[in-house]
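S.K.: These protein sequence lines map, in sequence, to chains A and B. Numbers in the numbering used here are just positions in the first sequence, counted from 1, shifted up by 48. Numbers in the numbering used here are just positions in the second sequence, counted from 1, shifted up by 1457. Where is the CB? At the ideal position from N, CA and C, for every residue including glycine. As the structure is a computational prediction, the values presented were derived from the model and not from experiment. Encoded as structure tokens, here's the structure I'll be asking about.
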Amino acid sequence: MPMRASRVSTFFLLLPLLLAVVACGTNAGKNTACGNSGEGKTGGVNSGLEVLYSAPLSDLLNTSITATIDPNTGAFNTVLVNTVPFSVAAASQRWMAGFSTFPFRQRCAEEAE
Amino acid sequence: MCGGGGVIYGYSLDPSTGAPRLLQGSPFSSGVGALPEGMAAVPNSRLLYVADAKQIDAFCVDGSDGFPTPIPGSPFMSGSNPQLVVDPSGKFLYASDDDPPGGILAFTIGPNGALTPVVGSPFMIPGSSGPNSQPYGIVDTGKFVYTALSATNQIAGFSINTETGALTPVPESPFSTGGTPLGLALANNFLYNLNWQDTSISGYSIDANGVLTPVPGSPFLKNSTTTTLTVDPLGKYLFIGTSVGIGGYNIDPSTGALGPGLAGISNDGALWLTVVQLP
């Protein structure tokens, strides 16, 4: 699997412009039981790495940005350029076909932890 | 979409760099005829919800390989919901409802993730003009829900009944904003929205009753080619995407005003941005 690390793993599921993050453990084997304790966000402020993700505005380069953020200054510490795994052109066509009112879609993110 | 209808891409994130890597089996199907759009996850769980055509798809994300499996009962019938948000309590899910005249769909989230409509849902927006206010972006502070009314240039605010999830309009709602508001972002007690037509950003403080008041200097970045915005999880920085790259701004913690710009990244533009904090 792409991620069998010994550390806490995180999965996120991505639509063209939308992203949600689900924090997962690293238990061996399938872990398919899901429940909602209703406890919501608990504990103090998470001190984990802050990362910014972007998708390109055009398909000229078809690349996305992953940048870590310095929590003290807001500066971008490291910047990675990735090839986006989907066709932005196809996404745009779908946008125009299904949601012609707006020229783009805004991201929606929820962090699980 | 994404090369052929109703798929969701899944990635693992490198815990040290944040770099995404496509999961095995991705993209995942979200069903025949699906038109997935907004997504939201429940805090401290592996439940994932996806706004779809007239329904909400609910998945349990496998803890070992990230595979999303529909939960029993999914999909759950809803309305034309472009965007979703889960209440920080994990008890409620709200969706902007694009069905005329526009409103907010509210659901309780059961112990197994099943969605049940809140009595009174969808909640209408009093005072909005036009046949459909076309709510789009939606955020939840834990006390209040706000949605951007893209067709009427307003932001609607509701207070949350924390026992039932029912919504009640806050005083003075809806609030005027710039042209064609779409995206919303929360930074502690401040709310920011992107006005697509004006390519500006409006900033508001949120008082104890949920009333919005423009922060000093708002609107910001007028005529800036801004295409998207997001706020870091600590609410310290606001990041924008433009036609030429990505930029950031300090948020004044006392007033909500945007400070001088931070060093940015030049590229061929950003369609969306999001900032996450890894565990």
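1. Using alpha carbons as the reference points, say which of B:Thr1598, B:Gly1636, B:Ala1608 lies closest to Asn1618 of chain B.
2. By a C-beta neighbour count over all protein chains shown, 10 Å radius and 16 as the cutoff for buried, is Pro1710 of chain B buried or exposed?
3. Straight-line CA distance for Ser1630 of chain B to Gly1594 of chain B?
4. Which residue's Cα is closest to the Cα of Pro1687 of chain B: A:Cys82, A:Gly122, A:Gly83, A:Ser85?
5. Can you tell me whether Ala139 of chain A is buried or exposed, with buried defined as 16 or more other CB within 10 angstroms of its CB?
6. Taking Pro1539 of chain B and Ser1553 of chain B to be in contact with their CB atoms under 8 Å, please state how far apart those CB atoms are, rounded to whole angstroms.
7. Straight-line CA distance for Asp1664 of chain B to Asn1645 of chain B?
8. Report the three-state DSSP secondary structure of Phe1647 of chain B (helix, strand or coil).
9. Give me the residue from B:Phe1524, B:Ala1510, B:Asn1680, B:Ser1486 with the minimum Cα distance to Leu1504 of chain B.
10. With 7 Å as the limit, tell me which residues of the segment 1714-1731 of chain B have their beta carbon closer than that to any beta carbon of chain A; keep them in chain order.
11. Beta strand (DSSP E) containing Gly1718 of chain B: first to last residue?
12. Between the Cα of Tyr1694 of chain B and the Cα atoms of B:Phe1677, B:Gly1718, B:Val1672, B:Thr1683, which residue gives the shortest distance?
13. Can you tell me whether Asn120 of chain A is helix, strand or coil according to DSSP?
14. In chain A, which residues lie with their C-beta within 7 Å of the C-beta of Asp1689 of chain B?
15. With a floor of 3 residues, list each beta strand (DSSP E) that falls wholly inside the segment 1582-1618 of chain B, ordered by position along the chain.
16. Compare the beta carbon distance of Thr1637 of chain B and Gln1611 of chain B with 8 Å and say whether it is the shorter of the two.
17. What's the call for Asn1724 of chain B, buried or exposed, on a 16-neighbour Cβ count within 10 Å?
18. Bridge partners for Asn1707 of chain B per DSSP, in chain order?
19. Taking the alpha carbon of Val1701 of chain B as the reference point, which residue from B:Ala1714, B:Leu1728, B:Ala1563, B:Ser1675 has its own alpha carbon closest?
20. Sort out for me which residues DSSP pairs Trp1653 of chain B with in a bridge.
M.R.: Short version:
1. B:Thr1598
2. exposed
3. 16 Å
4. According to the sequence displayed, residue 1687 of chain B carries Thr and not Pro. Just measuring C-alpha positions, the residue of A:Cys82, A:Gly122, A:Gly83, A:Ser85 sitting nearest Thr1687 of chain B is A:Gly122.
5. Since pLDDT at Ala139 of chain A reaches only 37, below the 50 mark, its modelled position is unreliable, and the value read off the structure follows with that caveat. Ala139 of chain A sits buried, since 16 or more C-beta atoms from the chains shown fall within 10 Å of its C-beta.
6. 6 Å
7. 11 Å
8. strand
9. B:Phe1524
10. Per Cβ criterion, the list reads Leu1719, Ala1720, Ile1722, Asn1724, Asp1725, Gly1726, Ala1727, Leu1728, Trp1729, Leu1730, Thr1731.
11. First-last of the beta strand (DSSP E) with Gly1718 of chain B: 1715-1723.
12. Tyr1694 of chain B has its Cα closest to that of B:Gly1718, out of B:Phe1677, B:Gly1718, B:Val1672, B:Thr1683.
13. coil
14. Under a criterion of Cβ atoms nearer than 7 Å, the residues of chain A adjacent to Asp1689 of chain B are, in order, Glu98, Ile117.
15. 1592-1597, 1601-1606, 1611-1617
16. no
17. buried
18. B:Tyr1694
19. B:Leu1728
20. Paired residues: none, contrary to the question.
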